[in-house]
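Numbering (this note's numbering), first residue to last: 734 to 858. Since the structure comes first, as C-alpha cells, the remarks are kept for the end.
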Amino acid sequence: MNKIYLQNIIYNSGDVFLPEKIKKILLTDLIGTSKKTFYISGWSIVHFINGILIGYIYLYLKGDRSVYMSVYMFKLFLLHTLWEFWQILIGMAKPYKLTGRSNLIDSIMDTILFMLGAYIVRKYY
Numbered sequence: 734m735n736k737i738y739l740q741n742i743i744y745n746s747g748d749v750f751l752p753e754k755i756k757k758i759l760l761t762d763l764i765g766t767s768k769k770t771f772y773i774s775g776w777s778i779v780h781f782i783n784g785i786l787i788g789y790i791y792l793y794l795k796g797d798r799s800v801y802m803s804v805y806m807f808k809l810f811l812l813h814t815l816w817e818f819w820q821i822l823i824g825m826a827k828p829y830k831l832t833g834r835s836n837l838i839d840s841i842m843d844t845i846l847f848m849l850g851a852y853i854v855r856k857y858y
C-alpha cells in the first residue's frame, strides 16, 4: 500500500468516508451565515444527531437506567473530544469560516451540539 493512498484513507476518515456530494450538502449554512459570527450548518446537525445516537447506544448497552448524569456526560464529552482531536491531528478540522483560521470555535460548537443531543437522550431515556 503506497503512502499517499494511506494518507488519503486517514484524511477521509475525518468525514467518516462520506461521498463528496453529501459533504458538500453538509457544508451548507442552515441558520445564520458563515460570513457572520454564528451559524449552524449541516455538520452541526450531524453532531447533534450523533450525540443522540451515541448517547442512546451507550445507555442501551449499559442496560442500567441509573447511570449518573455526570459520569455519562463526562464519558461522552471525552469521546467527542477525542474525535475532535483526531480531526485536528489528521488536518481535517475545518477552520472557522469567518476568520479562515483556528478550528477552536468550530470544535467548541460541534462539542456543544453533540453534548446537547447526548443530554436530551439521558434526560428522557
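Note that beta-carbon positions come from the ideal geometry of N, C-alpha and C, so glycine has one too. Fair warning: this is a prediction, and the values are worked out from it, not measured in the lab.
Find out if the Cβ-Cβ distance for the pair residue 846, residue 781 is shorter than 8 angstroms. Taking the sequence shown and counting its residues from 1, one reaches residue 846 at position 113. Taking the sequence shown and counting its residues from 1, one reaches residue 781 at position 48. Yes; because the gap between Cβ atoms is below 8 angstroms, this pair is in contact.
For residue 763, three-class secondary structure by DSSP: For the purposes of this step, residue 763 is taken as the residue at position 30 of the sequence shown. Strand.
Runs of beta strand (DSSP E) lying entirely within the segment 786–858, each at least 3 residues, in chain order: none
Please tell me whether residue 858 and residue 792 are closer than 8 angstroms, where the distance is taken between their beta carbons. As a working note, residue 858 is residue 125 in the sequence shown. As a working note, residue 792 is residue 59 in the sequence shown. Yes. Within cutoff.
Among the residues of its own chain, which have a CB less than 8 angstroms from the CB of residue 809, if the five just before and after it don't count? Taking the sequence shown and counting its residues from 1, the one referred to as residue 809 is at position 76. Correct list, in chain order: 784, 787, 788, 791, 847, 848 and 851.
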